[in-house]
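Chemist: Respectively, the protein sequence lines represent chains A, B, C, D, E and F.
Using the UniProt record's numbering, read the first sequence as starting at 1 and increasing by one per residue.
Using the UniProt record's numbering, read the second sequence as starting at 1 and increasing by one per residue.
Using the UniProt record's numbering, read the third sequence as starting at 1 and increasing by one per residue.
Using the UniProt record's numbering, read the fourth sequence as starting at 1 and increasing by one per residue.
Using the UniProt record's numbering, read the fifth sequence as starting at 1 and increasing by one per residue.
Using the UniProt record's numbering, read the sixth sequence as starting at 1 and increasing by one per residue.
Ideal placement from N, C-alpha and C gives every residue a C-beta, glycine not left out.
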Amino acid sequence: MTFNKQAIRSSYVRPIDFKRGRVEMSHGGGGRAMTQLIETLFVSAFDNAMLSALNDQACFSPPTGRMVMSTDGYVISPLFFPGGDIGCLAVHGTLNDIAMAGAKPLYLSAGFILEEGFPLADLKRIVASMAAAAQAAGIQIVTGDTKVVERGKGDGIFITTTGVGSVPDGIEIAADRARPGDRVLVSGTLGDHGITILSLRENLGFHTEIESDTAALHDLVANMIAAVPAIKVLRDPTRGGLATILNEIALQSAVGIAIDEHQLPIREPVRAACEFLGFDPLYIANEGKLVAICPPEDADRLLETMRAHPLGQAAAIIGEVIEDPQCFVQMETAFGGRRIVDWLSGEQLPRIC
Amino acid sequence: MTFNKQAIRSSYVRPIDFKRGRVEMSHGGGGRAMTQLIETLFVSAFDNAMLSALNDQACFSPPTGRMVMSTDGYVISPLFFPGGDIGCLAVHGTLNDIAMAGAKPLYLSAGFILEEGFPLADLKRIVASMAAAAQAAGIQIVTGDTKVVERGKGDGIFITTTGVGSVPDGIEIAADRARPGDRVLVSGTLGDHGITILSLRENLGFHTEIESDTAALHDLVANMIAAVPAIKVLRDPTRGGLATILNEIALQSAVGIAIDEHQLPIREPVRAACEFLGFDPLYIANEGKLVAICPPEDADRLLETMRAHPLGQAAAIIGEVIEDPQCFVQMETAFGGRRIVDWLSGEQLPRIC
Amino acid sequence: MCLAIPARVEQINGDDAIVNLSGIRREISLALVENVEPGDYVIVHVGYALEKIDPAEAARTLALFAELSAQDSAGEPSP
Amino acid sequence: MCLAIPARVEQINGDDAIVNLSGIRREISLALVENVEPGDYVIVHVGYALEKIDPAEAARTLALFAELSAQDSAGEPSP
Amino acid sequence: MKYVDEFRDGALAKIIAANIARAADPRRQYHFMEFCGGHTHAISRYGVTDLLPDNVHMIHGPGCPVCVLPIGRIENAIQLAQTPDVILCTYGDMLRVPASHGMSLLKTKAAGADIRMVYSSLDALRIAGENPHKEVVFLAIGFETTTPPTAVAILQAQALGLANFSVFCNHVLTPSAISHILQSPEIRTLGRIRLDGFIGPAHVSTIIGSQPYEYFSEEFQKPVVIAGFEPLDVMQAILMLIQQINARRAEVENEFTRAVSRHGNRKAQQLVAQVFELRRTFEWRGLGWVPYSALQIKTTFADFDAEKRFKIAPLAIPDNKACECGAILRGVKHPRDCKIFGTACTPDNPIGSCMVSSEGACAAYYRYGRFTESRSTTTQQ
Amino acid sequence: MKYVDEFRDGALAKIIAANIARAADPRRQYHFMEFCGGHTHAISRYGVTDLLPDNVHMIHGPGCPVCVLPIGRIENAIQLAQTPDVILCTYGDMLRVPASHGMSLLKTKAAGADIRMVYSSLDALRIAGENPHKEVVFLAIGFETTTPPTAVAILQAQALGLANFSVFCNHVLTPSAISHILQSPEIRTLGRIRLDGFIGPAHVSTIIGSQPYEYFSEEFQKPVVIAGFEPLDVMQAILMLIQQINARRAEVENEFTRAVSRHGNRKAQQLVAQVFELRRTFEWRGLGWVPYSALQIKTTFADFDAEKRFKIAPLAIPDNKACECGAILRGVKHPRDCKIFGTACTPDNPIGSCMVSSEGACAAYYRYGRFTESRSTTTQQ
Ligand code: SF4
Ligand code: SF4
Ligand SMILES: [Mg+2]
Ligand SMILES: [Mg+2]
Ligand SMILES: [Mg+2]
Ligand SMILES: [Mg+2]
Ligand SMILES: [Mg+2]
Ligand SMILES: [Mg+2]
Ligand SMILES: [Mg+2]
Ligand SMILES: [Mg+2]
Ligand SMILES: [Mg+2]
Ligand SMILES: [Mg+2]
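1. Output yes or no for whether 8 Å exceeds the beta carbon distance between V86 of chain F and L80 of chain F.
2. Per DSSP, I297 of chain F is paired with what?
3. Quick one: which chain A residues come within Cβ less than 7 Å of T146 of chain F?
4. Excluding sequence positions up to five away, which residues of its chain have a Cβ less than 6 Å from the Cβ of L3 of chain D?
5. Between K124 of chain B and the rest of its own chain, which residues show a CB-CB distance below 7 Å, the 5 nearest in sequence each way excluded?
6. Is A66 of chain C close to chain E, meaning its C-beta is less than 8 Å from at least one C-beta of that chain?
7. Applying a beta-carbon distance threshold of less than 7 Å, which residues of chain E neighbour G288 of chain A?
8. Taking 8 Å as the threshold (beta carbon to beta carbon), is M117 of chain F in contact with chain A?
9. Answer with yes or no whether the minimum CB distance from residue 397 of chain E to chain B is below 8 Å.
10. Taking a Cβ distance cut-off of 7 Å, strictly less, list which residues of the segment 326–339 of chain A are near chain F, in chain order.
11. Taking 8 Å as the cut-off, decide whether the C-beta atoms of V149 of chain B and A101 of chain B are in contact.
12. Is any beta-carbon of chain B found at less than 8 Å from that of M70 of chain A?
13. Compute the distance between the beta-carbons of G154 of chain A and I126 of chain A, then report whether it is under 8 Å.
14. Quick one: does D155 of chain A have its CB under 8 Å from some CB of chain F?
15. Could you tell me whether the segment 175–182 of chain F touches the segment 242–262 of chain F, using the rule of 3 or more Cβ pairs below 8 Å?
16. Sort A:D192, A:D72, A:S199 by Cα distance to F276 of chain A and report the nearest one.
17. Can the beta-carbon of R66 of chain B be found closer than 8 Å to that of F60 of chain A?
18. Rounded to a whole number of angstroms, what is the C-alpha to C-alpha distance between M355 of chain F and I328 of chain F?
19. Could you check where the alpha helix (DSSP H) with V91 of chain B kicks off and where it finishes?
20. Find the residues of chain B that neighbour E27 of chain C, judging by a C-beta separation of less than 8 Å, and give them in chain order.
21. Can you tell which of B:E304, B:D324, B:I195 has the C-alpha that lies nearest to the C-alpha of residue 406 of chain B?
22. So what does DSSP say about R338 of chain B, is it helix, strand or coil?
23. Helix or strand or just coil, what does DSSP make of L3 of chain C?
24. By DSSP, does Y91 of chain F sit in helix, in strand, or in coil?
25. Would the beta-carbon of G93 of chain A be found less than 7 Å away from any heavy atom of ligand 4?
26. Consider the C-beta atom of D145 of chain B and the heavy atoms of ligand 10; say whether any pair is separated by less than 7 Å.
27. Could you say which of F:G264, F:G161, F:E144 lies nearest to N170 of chain F if we only look at CA atoms?
28. Give the residues from the segment 5–19 of chain C that approach chain E closer than 8 Å (Cβ to any Cβ), ordered along the chain.
29. What are the boundary residues of the beta strand (DSSP E) that includes M67 of chain A?
30. Indicate, with yes or no, if ligand 4 has a heavy atom lying under 7 Å from the CB of T238 of chain A.
31. In angstroms with no decimal places, state the Cα-to-Cα distance between I285 of chain F and A285 of chain A.
32. Can you pull out the residues from the segment 31–55 of chain B whose beta carbon lies closer than 7 Å to at least one beta carbon of chain A?
33. When DSSP labels each residue in this structure, what does R116 of chain E get in the three-state scheme?
34. Using 8 Å as the threshold, is the C-beta distance between F138 of chain F and A153 of chain F below it?
35. Could you work out which residues of chain F lie near A58 of chain D, taking near to mean beta carbons separated by less than 7 Å?
36. Could you spell out where the beta strand (DSSP E) holding Y48 of chain C opens and where it closes?
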C-alpha cells in the first residue's frame, strides 16, 4: 500500500489565502476548512510532535517536583503595538504566571476565539509571534482550540493560554509568605506596557516612543532562585499595576508594605503621560516586570542577581514589609510626605479634574 | 495583633448585586471590584484550597502515569438550553477531551471573557453550573482568569477551560491506532446536542422536546478501559459530528472506515429536524457521546460494558475499520446502497434545495 | 432541489398552522393551499405548505413498489 | 480639579499645535490663547492651552520657596 | 416520518431493483437525466446507483437554482449587500456560491456586510419590520416551488405598507431550461449526447402540474416521469422510463401522484401571476441566455422591486475559464473532464457553480464519484 | 517635566515647612479651605499634611465639578443616553458619578447605551462628523477652566454646520460657590465653623484672573491666596495665609503668578461671553440652589442646546438620605460623621458625590484618612 497522507491532503485542498483571506465561520466549524487552518497554520508554526498528533489533547511525562498550572485570557486592543503583539503577550503572560511560582514552564495550551472577518494575515502574524516567543522561552505549545464567532460578537481575536510547569522541591513561593522586615524589589521600570497601549487609543490622542515591556521572565526567575532560594513572594504587576499586587500581597500575607517613591523606577514619558491623563503610574500595567519579596539579608544579593540579567537591569529595592493589621500599602513620597497606596476603584479613566 | 482578613474585606466592600447587577469594565480591571467578584463568586463556587490561595497559579503534586492536557473554548449561543448551559458544557467538554486519552481528569483551569453589561445573575448561574459539574465529576477548578471586554466586542460570555489528567501506564489510546478489522462503537444517540441548540435559534423557528446530551464521560471511559484495556481510539464527536471524527481517525490511522446506517442510534426528532433543514445528522454535534475503536474480539465485551453505564445505554457497534489508501469513510445505507461520508465543507447551512 | 418534506398539520389559525414532523413542530403558512384541515399531511417548503398529500395515492404508489413487475427485458411482453 | 499640565509647544499650525511633555506629544488647540510661539510653555487642559507660563515669574516663585522666612510666629515682626 | 420512511424502505428497494434488472435490456444503454438536484441528492445519499444495472446511466441536470444563477447576478447581490444601510436576506444555499475573485456572500458578510440567512421569505419581512431605518432586500432565488412564497411576501409587504422592503428577483422556470437542453445542438442535431428520458421534478410539479411536460414528450419524443424525491420514487421512475423506452413510448407519466396533479396548485399559480411576469430572456450559469426562462416583478409592484429601487445594472461576468460547468450542466462533459476539478476547485473552495451545492454535479462526483472510482480501482488491483 | 518637577522638590518642601512651623502661632488653630479638588489631590498625593503643624487644618471644599452636579442632571444625562440614536459624549470623570438607584453613566453604558468617553470637546465634534445619522450630545461639565473649550466646540459646530451636535451644558461658576459657602449661616452668623482663609483655584484663575476674589476678601474679611496645584505651591499658599492672618490682613494674594494675572485670559472670557449667559439659579449637589452660579447656552445658539433640542425637563431628585455630602462640602461635617461611610458607600460603590472623584472629601478620607487614623491608633497602643 503506497500511502501518503500528504498527497491526499494536498491534492484535494486549495491553499489558504493568508494574504487577503479572512476568517470565516467555517474555520471554526469542525470541517475540512478548520482542519486545514489548524494544520497549515498552528501545527506548522508551533511545530512539535504532540500538536502534530492532532489528538484533542497532549500527552507527556509528568515532571519532578510539584506542578503548577495557570491560565490567562488576552483581549488587548490594539493587537499589534510597539514592543509586541497579542501573540507574544499570550505566551509571556501565562509563562510569567507560571514563573511567579518559582516554576520552570513546560507546556502551553492555546485557545483562540476568532471573529468572523478577521484578516488571516493578522492571524498568521500573531501565530508566528507566539511561536517565536515560545521558542525563545524554550517551551512548547502542545494543544489548542479554535472557535469562530459571528462578526460583531468578538473583537478580532481573543487568546486564552494555559501553562503547566514544575517547581523544584524546596522552593516555596506564594503571596502569603511576606513577613515584616522582608524587602520588596521590582525588576525594572513601571508602566511601560500600559502607557504604550493607552497611547494607541485613538481617543486619547497622544504619542510616545515608549514600547511595551512584554517579556518572558522565567529565566530571570531561575537566576534569582539560584542566587536566593529563600525568595518568598514573586508576582508580575500586570493589570492594576504595582499598587494592586502590593495590596494583594499585603492582604494575603496579612502585613503592611511600605515603599519609597524615590526608589521606584519610572520612565519620564510614563510619568508625563500619567500627568496628561490624570493617571497614577503605580496602577499602570506591566508585562515584563516582577515584584520579589525576600528576607532582608538576601536583598542585596538578589538585587545584584537581577541587575545582572538583561530583564532586570533597572531593578531596585523599593520598600519593605511591615506589621500592619489593616494591611495598608503606604508610600513615602518623594516630596517627603506619606500616603496610602490603595486598591484601584474601578478602572482608571482619563480625568479632567 | 487581632487580625481578620474577612473583617477588612467585609467592612469596606458593599456586596455585589447578583440580582440586577451587570458586568462592568471594572470587573476585569484588576482592582477591588475584580477581586471582589473573584472572591465572592468564583472562589466560593469552586471552593478549593488552591483557588482560595488567590495566587496567579495553582500548585499540585504531579500524578503517576503520563499526563495529558487539553483546552477548549466555549462560545455557544444561547447560553442556557434544555439539558445544560455553557457552564457545565465548559466543564464536560474539556473533561471529555482528557478522558478521550483514557486519562483520569484531575484539575481544570477556567478563563472567562465577559462582555460589559452581561447580567451578573446569568454569570452566577453559569458559575454554579460549572461548580456542580466539576463536583459531580470529582475534579477541581484550581485556577482561573477573568477579562471584561467592552459592550459589542463580545457575546455575553466566552469560557475557555483547560484540563490536566493522568493516564495509567499501559493504556495507549490515540487516533492513529485504528487498524483494519477493528470495530467502531458509539456510546449513544447522535445529534441531540446540535439539534437542541439549532431549535433555539430564532431564525430557524422550530421546536422540539430534545435535550442536549452534555455529560462527563470519564466515568464511562474508566469502566470501558477496565473492561477492555486494549481500546485503541476514543474520541468525542463534538463539532462536525460523527462524520468529522471518523474522517479524522481514518486520516490519522491511514485506514478506511465502513459504517452501517442501520446501526446508527439516531432519535426520530433529530432525523426530522435534519429533514426540515437539509442537514445530515452525521455532522451534528454531540456533547456527551464518544466513539471507541477496539480489536474485533473485544467489541462485544466493550459494548456490554458501555450499555451497563447510564451514559452508554444506547451504545452500538456501528462499523469496522478497513484498509483504504484513500482513507474514505463509507456507509452502507439503510436503503441498501453505499456512500461516502465525507468531510464537512464549510459549516452546515439550512438549505432550500 | 426544492427541499420539502411532508408533515402533519396540528393546528390551524387562519393562514398560519403548526405542523409536526416526528416531534419537531414548526409554524408554517397555508397561504398557498386550500381546504387543509388538522390531521392532513402537507408538503412543507421554506415555511409554506405547497400541497396536500393524497393518502390514497400514496398507498397506491407504495403498493406499486411492492409488485414484482411482470415485464421482461427488451420491451417485449413476457410470454 | 481642572487637571492641567505645562507642556512645551513644538509646532504651530494656525490654532493647532503639538506640545511635548517629557517625550509625550499631543495635538492641542491654541484657540484660547494669543501670541504663542514654539518653545513657549502653555498650560494644557482638555486638549486646549489655557495660558502661557511666564518663565520669569516661575523663577521668582521658586526663589521665594527657597527663602527661609524671617517672620516669626504670632503675627509680630521678629525683633 | 410518515410519507417519508415508507419511501426509503430497503426491502421495497430490492423489489424495484429486481424489476429494473429484469426490465433493462442488456443489449442497450439507458441514459436518463434527472433534472432536479433533489433527485441527484437522493441517488447519492442512498447509494441508488449501487442498485442499478451497469447499463443504466444517470446524468445530473441543471436543477439547482443556486447553481444556475449567473455570476453577474451574484455580484449584483454582493454590491447590494455592501450598500450602506442595506440588510440583504437570503436562503442559506446562496451564501457560499462563488462569484468572481473568490468572493461569495459569505465572504462579503465576513468582510462586514449585513447579510442574514433566512429560512422563509416571511423572515425577511419580519426583519424589515424590525429595522425601519434600514433597507431590507430579499435576494429571491428558486424554481416554481420557491416563487409563490416570494409572491406572498410581496403581497404582505404591500398590505403592511412596508416601505423598506424589496425583492431582488431571480426566480427561474423549469420547463424553459429543459427545452433549452433538449434544443442544444449536441443533443438535437448532432446526437452526440444520448438522452433517452427525463425524471421530472417533484416539488416544482406540485405547483405547475404535469401538463407543462407534455410538450417535451411530444415535441422531442422523450419520455418524462415525474417522481418524488425519495429513493424508491426515483427507482420506480427509472423503471417506468425503461418501460416506456422498451415500449417505444414517449409520454409524461406521474409517479408522484400523492402530491402532483395534471394542473398543479392553481392558488399558487394565481398568486405568482398576480405579482410576476415573464422576462424576455435571462442568463443561466452554464446554459447562457435562455428566452422566457425567468420571472420579474410586475410594474404594479415596482416599489418592491430591488432592481428598480437600487437601479441594479446588468453585469456580464464570464465564468472562470477553466470551469466546464456549462458543458456539464448540459450533460456534454463530465466533472473529470475539468482540469481544476479536485485541485483548485473543491467543495471548500468552489470555483464553479456545480461544486457549490451538494447537489451540483461536480460536488456530487467529488463526494461520491471519487469513492466509486477508487473502489473499482481497488477491486481491479 | 519643566515647571512641574521643580514645584515638587522635597528639599524646598522642607524649607517651606520650616517657614510654616515658624510662622504658625502655637496658641491658635488655623482652618483653611482649599476650594479646589486639585489642591486636595496634591495634599493627599504628596502627603502634604505630614509637613504641616498640628494646628493647621485643611478643609476640602466643593471644588470638583463632578461632585457638585446634582442627581437630577445626571438622571437627565442617563435618559438622554438611553434615547434611541443618541450618542452621549463626556469626560471620563462623569462616568462613575452615582445617580439614584445605584445607576451611573457607566452602568447605563454597560446596559447598552452608546456613551463615549472623550478627552476633549473637539473629540465630541469629530464623533458627530463621523455619525451623521446619530444625534451626538456632549455632556459638558466643569468650572471656568473647562467652559471655554465647550464654547469653542459650539462655535466650530456652527461654522461646520453640524446639525447633529448639541451640548448639555452644566458649566458652573466658582466665585458664586465660594460666596454661597461664606454666606451660609453656620459660617457667617452662627460662627460654628472656623474658616480663616481660602486657597484659591489655580487653573480656574488663569481664565478669570485674581480680581473676582477681591470681593470676598473685602466683604467677608477672609484672606485668599491663589495657588498652583503642585505641592510646593500649596505649602507656600498656606504659609502666605498664615502670614496674612497673623498680620490680620484679608487680601487676595497670588502665589501662581507664573500663569495667573489680575484680569485673566480675556480671549477665553470673550469666547465664553459670546456663547453663554448666566442662569438665574442652578442646583449644586450638596449646596442646593445657588443664584447666578452657572451658565446656559445663549438663545442665539439654541440649535446646539441639548436642553432645548431634547426638551430636557428639570428633575428634582434628593440625595440618598444617609449621605452627608451637603454638610461635608460646606465644611460643616466630616466624612466620619456619615453613617454609611466605608460600608455602603465606598469608592467602588459610591452613594454620594464626595465618594466619586478621588478629590471628593469622602474618597480622600477613605484613602488617606483611614490610614492616618490607623497610624495614630497603632502609635498610641
Ligand atoms: S470542478 Fe469546479 S471549475 Fe471544474 S467544472 Fe466543476 S465546478 Fe467548474
Ligand atoms: S460617605 Fe458616601 S454617603 Fe456618606 S457623605 Fe460621603 S459620599 Fe455621602
Ligand atoms: Mg493566570
Ligand atoms: Mg497573568
Ligand atoms: Mg500574574
Ligand atoms: Mg477543541
Ligand atoms: Mg467587533
Ligand atoms: Mg480540546
Ligand atoms: Mg473538545
Ligand atoms: Mg489572570
Ligand atoms: Mg455583542
Ligand atoms: Mg474532542
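Modeler: Let me spell this out:
1. yes
2. F:F276
3. I352
4. none
5. F18, L41
6. yes
7. None at all; the shortest Cβ gap to chain E is about 35 Å.
8. yes
9. Residue 397 of chain E falls outside the range modelled here, since chain E spans only 1 to 381, and no answer is possible.
10. Q326, F328, Q330, T333, A334, F335, G336, G337, R338, R339
11. no
12. The question names Met, yet the displayed sequence has Ser at residue 70 of chain A. At least one chain B Cβ lies under 8 Å of S70 of chain A.
13. no
14. no
15. no
16. A:S199
17. yes
18. 11 Å
19. 86–99
20. G205
21. The structure shown does not extend to residue 406 of chain B, since chain B is modelled only from 1 to 353, so the question has no answer here.
22. strand
23. coil
24. strand
25. yes
26. yes
27. F:E144
28. I5, P6, R8
29. 66–74
30. yes
31. Note on identity: in this sequence residue 285 of chain F is Arg, with Ile being the wrong assignment. Looking at the two C-alpha atoms, the distance is approximately 35 Å.
32. G31, R32, A33, A53, L54, N55
33. strand
34. yes
35. Y3, R258
36. 48–52
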